[in-house]
Amino acid sequence: MWKITCVALLALSYGTFVLAGSAESHDSKEDSNVPEVASPSEVKSSGRVINGKDTTIEKHPYAVRIYSTRMGGICGGSVITDKHVLTAAHCFDDGETAKDLTVRVGSTSQSHGGHVFSIKKMVTHPKYDKSVFDYDVAVLTINGSFTGLKNVAVVALQDEVVDVGVLCDGVGWGYINRKKKKTPDTLQYLQLRMLDEDDCADDSVVCAQSPKGSDLCQGDSGGPFVCNKKLTGVTSSGDPKCVGTYKANFAKVRHPPIRAFIRKHAGI
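Going by mature numbering (1 follows the signal peptide of the UniProt record, and there is no 0), the letters in the sequence shown line up with residues -20 to -1, 1 to 248, in that order.
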């Protein structure tokens, strides 16, 4: 089982952001302090959507990339309010705190554009168990607000059981070729088919199957799993080879203890 080590859903360049308070807007020029592609030695665990397709932030305006000042791009996340991002708790297993983190929103590119925010507060679920990835969720509170920003929108939280067989969306900026360690600059998209919740590893997760040869993988951690236009899960763990042989697991957003945690720390 892979631990999708906090790497903005897919690519994860190695860069540092030290921003004070409000959002910093960027034009199409690449940020000088964020390399477009990180080398394998620069990123401890790079994410990828294997055999995904190019997509745009306009189609997935809730998609977020999370950066660490120590490790560069580390995970994905989802905009859930005008001030909050939902992601995976295991993204911060290496000891990151709020002051170490920034997020980029509103950009199809993983290296430039959109808006970058520093983080005011980071909290992980109190029941999070990193040995088995139970309750693998965290809430980030930004300094500033997402309100009124172009290509940034809140994704609604799932409140119903999703039927078996429904196609759900996973997105990110990770590796598009696992062996060659090739990363795209453009947001990638993959559909996975929902499985019966009774067949999932735990009550706190939902699970899905990707087409053979395609998958979410290490580094896609924390990213959105969207079914019927609602955030159903937070990318957590799955097939170690990232080829869809085993089911992918996502923290279940509507699971009562997880939903209560989100309500407490994001107010929704």
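Just so you know, even glycine gets a beta-carbon here, dropped at the ideal spot from N, CA and C.
Determine the direct distance from the alpha carbon of residue j to that of residue i, and round the result to whole angstroms.
{"i": "S8", "j": "S201", "result": "Unreliable positioning characterises S8 in this predicted model, as indicated by a pLDDT of 32, which lies under 50. The coordinate reading is nonetheless provided below. Taking the straight line joining both Cα atoms gives about 27 Å."}
{"i": "T215", "j": "F230", "result": "5 Å"}
{"i": "K39", "j": "W153", "result": "14 Å"}
{"i": "F205", "j": "C148", "result": "7 Å"}
{"i": "C55", "j": "V141", "result": "26 Å"}
{"i": "F241", "j": "H92", "result": "32 Å"}
{"i": "A181", "j": "D109", "result": "14 Å"}
{"i": "D178", "j": "H235", "result": "14 Å"}
{"i": "K209", "j": "D139", "result": "11 Å"}
{"i": "Q171", "j": "A188", "result": "10 Å"}
{"i": "L167", "j": "S111", "result": "30 Å"}
{"i": "R243", "j": "D183", "result": "19 Å"}
{"i": "G52", "j": "A118", "result": "19 Å"}
If I measure Cβ to Cβ from residue i and keep anything under 6 Å in the same chain, skipping five residues before and after, which residues do I get?
{"i": "S89", "result": "D165"}
{"i": "D62", "result": "S125, F126, T127"}
{"i": "K33", "result": "Y169"}
{"i": "T36", "result": "T88"}
{"i": "P41", "result": "N131, V132, A133"}
{"i": "residue 254", "result": "The structure shown does not extend to residue 254, since the chain is modelled only from -20 through 248, so no value can be given for it."}
{"i": "G94", "result": "R84, V85, G86, S87"}
{"i": "E76", "result": "S48"}
By Cβ distance below 8 Å, which residues in the same chain neighbour residue i in space, the five residues on each side in sequence not counted?
{"i": "V83", "result": "V44, R45, I46, Y47, G57, V65, V96, F97, I99, L120, I122"}
Give a yes or no on whether the C-beta atoms belonging to residue i and residue j are separated by under 8 Å.
{"i": "V151", "j": "G213", "result": "no"}
{"i": "L81", "j": "V135", "result": "no"}
{"i": "A246", "j": "S190", "result": "no"}
{"i": "S217", "j": "F72", "result": "no"}
{"i": "V185", "j": "L129", "result": "no"}
{"i": "I238", "j": "H105", "result": "yes"}
Kindly give me the distance between the Cβ atoms of residue i and residue j, rounded to whole angstroms, as I take these residues to be in contact under 8 Å.
{"i": "A78", "j": "M102", "result": "4 Å"}
{"i": "V146", "j": "M174", "result": "5 Å"}
{"i": "L137", "j": "V233", "result": "5 Å"}
If you drop the 5 nearest sequence neighbours on each side, which residues of the same chain put their C-beta closer than 7 Å to that of residue i?
{"i": "D176", "result": "V144"}
{"i": "C207", "result": "Q138, V142, V146, C148, M174"}
Identify every residue that forms a DSSP beta bridge with residue i.
{"i": "H105", "result": "In the DSSP output, where bridge partners are listed per residue, H105 has none listed."}
{"i": "P204", "result": "V214"}
{"i": "Y169", "result": "K33, V151"}
{"i": "A136", "result": "K210"}
{"i": "G53", "result": "Y47"}
{"i": "C71", "result": "According to DSSP, which records beta bridges pairwise, C71 is partnered with nothing at all."}
{"i": "R84", "result": "R45, V96"}
Measure from the C-beta of residue i to each C-beta in chain B and report whether the shortest distance is under 8 Å.
{"i": "M174", "result": "Among the chains of the structure shown, chain B does not appear; only one protein chain is present."}
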